[in-house]
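Residue -6 is where the sequence shown starts when you use our numbering, and the numbers rise one by one after that. This report concerns only the one structure given below.
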Amino acid sequence: MQPLKGVRVMEFTLNIAGSQAGQILAALGAEVIKIERPDGGDDCRAWGPPFARGASMMFNTMNRGKKSIRLDLKNAEAVAWVRQQLAKHDVLIENMRPGAMEAAGLGAAALRAEHPHLVYCSLSAFGSRGPLQGSPGYEEVVQAFSGLFSVNGDEASPPARIGTSVLDLGTGIWAALGCLSALMERHRTGQGCLVEGSLLETALGWLALPLATYAASGELPRRSRSGSAKVVVYRCFDAQDGEIMIAGANDRLFAKLARALGHPEWAGDERFRTARGRSANREMLNGMIEPLVRSATRAQWMARLAAAGVPCAPVNTLPDVLDHPQVQALDIFDRVEGSDARLVRLPVSFDGLRPRAARPAPMLGEHDPDRPVAGAAARTATE
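Now the structure itself:
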């Protein structure tokens, strides 16, 4: 299924957020052309090892299905070529250094005046207004600034970074959703629009519940390494051979958990019968559960809890996940030529079919025009 077949996208992106947005559109069938600097292209091409097809795993992951054209945006003829090509494109995505697109004559105001049909998507670190507009920033910088560090980790440890690029990836998803919405609106009105997003806005979106809770109560959320500060029983416990996550998240599930643990009477105990009671007595209840879980292996508990209908999972490593039959059954991975790498495809399917990238991530300049563009790197004899 290619719902975006016929949609043309030009992308001026580095690293993750903008590239993620373009890749989502490419996976849905859009033609996406990535404009790259002649001298090395997207910075993240070099962010390895490991490498495959001459580029890092990050680049291979974020740029499948795209074409690559090298252009020097400091060259007036190259910029003129871009402006001409945009007459035939539907979407422009950029997350360049703040002010770079305007300096090149490719800012939103200029291009939308010239091409009213264009959906112009601009991504930044801190947003397009306010005292930090235009300030540079990366994932960790904005995680720290936004307060995400402060709600992650264990109460006994310093605040911690979330271990994957949730802001870059999330901003890319929001950007793709914004572009799709703008294309739908253009179908109705004939006019494009400016779509904006930022890592900070994505962070605030992910922090919606902690921020609302703090504003209402004046209390900072408790940090919990493996579970919820509000829900009990809902955390990891040590079994004989490793940790297991147990989610007795409501009164009904807690009653099932109590029976599986051999203590059905807990479900009627006034201290534990309700969610509020369990929260008020969390340390006591967790302390009663810990030695019970330590008495058996993870597999034994998985079988017992599954039979009782209690959600649970072993704390897996990445090799565990890659080899698990449930993950393999999802048919969610792409292979990279010349590598053992497995790249995750779009995590959504249509009528049981998952979109597949039309091509691997491009080599730098792989799709340079046959007729050279001024400001583009010249093709070599081997290209």
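For glycine and all other residues, C-beta sits at the position ideal for the given N, C-alpha and C.
Locate the alpha helix (DSSP H) running through residue i, then write down its first and last residues.
{"i": "D316", "result": "311 to 316"}
{"i": "M238", "result": "Looking at the DSSP string, M238 is not in any alpha helix (DSSP H); the run it does join, the beta strand (DSSP E), is 235 to 240."}
{"i": "A106", "result": "101 to 107"}
{"i": "I17", "result": "10 to 20"}
{"i": "P203", "result": "201 to 210"}
{"i": "R291", "result": "291 to 301"}
{"i": "M(-6)", "result": "No alpha helix (DSSP H) holds M(-6); DSSP gives it neither H nor E."}
{"i": "A96", "result": "93 to 96"}
{"i": "I166", "result": "159 to 182"}
{"i": "W74", "result": "69 to 78"}
In or out: residue i buried (at least 16 other Cβ within 10 Å) or exposed?
{"i": "E95", "result": "exposed"}
{"i": "P257", "result": "exposed"}
{"i": "H180", "result": "exposed"}
{"i": "Q13", "result": "buried"}
{"i": "T375", "result": "Bear in mind that a pLDDT of 32 at T375, under 50, signals an unreliable position, so the model cannot answer this."}
{"i": "P355", "result": "buried"}
{"i": "V226", "result": "buried"}
{"i": "A102", "result": "exposed"}
{"i": "L311", "result": "exposed"}
{"i": "L202", "result": "exposed"}
{"i": "L213", "result": "exposed"}
{"i": "R287", "result": "exposed"}
{"i": "M51", "result": "buried"}
{"i": "D333", "result": "exposed"}
{"i": "D147", "result": "exposed"}
{"i": "M89", "result": "buried"}
{"i": "A248", "result": "buried"}
{"i": "P42", "result": "exposed"}
{"i": "P353", "result": "buried"}
{"i": "A371", "result": "Reliability fails at A371, whose pLDDT of 44 lies under 50, so the model's placement of it is uncertain and the value that follows must be treated cautiously. So A371 ends up on the exposed side."}
{"i": "A71", "result": "buried"}
{"i": "P348", "result": "buried"}
{"i": "R264", "result": "exposed"}
{"i": "D313", "result": "exposed"}
According to DSSP, which residues form a beta bridge with residue i?
{"i": "F265", "result": "According to DSSP, which records beta bridges pairwise, F265 is partnered with nothing at all."}
{"i": "M277", "result": "Answer is none; M277 lacks a bridge partner."}
{"i": "L187", "result": "Y113"}
{"i": "E4", "result": "K27, I86"}
{"i": "S49", "result": "F44"}
{"i": "K59", "result": "V25"}
{"i": "V337", "result": "F326"}
{"i": "L346", "result": "F343"}
Confirm, please, whether the CB-CB distance from residue j to residue i is below 8 Å.
{"i": "E330", "j": "R46", "result": "yes"}
{"i": "L197", "j": "S115", "result": "no"}
{"i": "G127", "j": "A10", "result": "no"}
{"i": "L7", "j": "D32", "result": "no"}
{"i": "P29", "j": "S49", "result": "According to the sequence displayed, residue 29 carries Glu and not Pro. Cβ distance not < 8 Å, so E29 and S49 don't count as in contact."}
{"i": "V0", "j": "L170", "result": "no"}
{"i": "V303", "j": "A268", "result": "no"}
{"i": "T290", "j": "D231", "result": "no"}
{"i": "L285", "j": "I239", "result": "no"}
{"i": "T195", "j": "G163", "result": "yes"}
{"i": "M55", "j": "Q(-5)", "result": "no"}
{"i": "K81", "j": "K59", "result": "no"}
{"i": "P307", "j": "I325", "result": "no"}
Straight-line CA distance for residue i to residue j?
{"i": "N53", "j": "I86", "result": "19 Å"}
{"i": "T373", "j": "E24", "result": "Its pLDDT being 36, under 50, T373 is placed unreliably by the model, and the measurement read from it follows with that caveat. Each residue's Cα considered, the two are about 25 Å apart."}
{"i": "V320", "j": "A350", "result": "19 Å"}
{"i": "L187", "j": "S217", "result": "39 Å"}
{"i": "A93", "j": "G120", "result": "15 Å"}
{"i": "S219", "j": "Q77", "result": "53 Å"}
{"i": "N204", "j": "D363", "result": "Note that residue 204 is Leu in the sequence shown, not Asn. Rounded to whole angstroms, L204 to D363 spans 53 Å at the Cα level."}
{"i": "D344", "j": "L(-3)", "result": "16 Å"}
{"i": "A208", "j": "R215", "result": "15 Å"}
{"i": "H360", "j": "L193", "result": "34 Å"}
{"i": "S191", "j": "A97", "result": "21 Å"}
{"i": "G156", "j": "F142", "result": "11 Å"}
{"i": "L18", "j": "V2", "result": "8 Å"}
{"i": "A301", "j": "V135", "result": "42 Å"}
{"i": "A260", "j": "R266", "result": "5 Å"}
{"i": "S117", "j": "G130", "result": "8 Å"}
{"i": "G280", "j": "C305", "result": "18 Å"}
{"i": "S174", "j": "H110", "result": "14 Å"}
{"i": "S342", "j": "G22", "result": "13 Å"}
In the DSSP assignment, find the unbroken beta strand (DSSP E) run with residue i in it and report its ends.
{"i": "C382", "result": "Missing from the structure shown is residue 382; the chain here goes from -6 to 376 and no further."}
{"i": "K27", "result": "24 to 29"}
{"i": "C305", "result": "305 to 307"}
{"i": "A232", "result": "227 to 232"}
Could you tell me if the beta carbon of residue i falls within a distance shorter than 7 Å of some heavy atom in the ligand HEM?
{"i": "A69", "result": "This structure does not include the ligand HEM; it has no bound ligands of any sort."}
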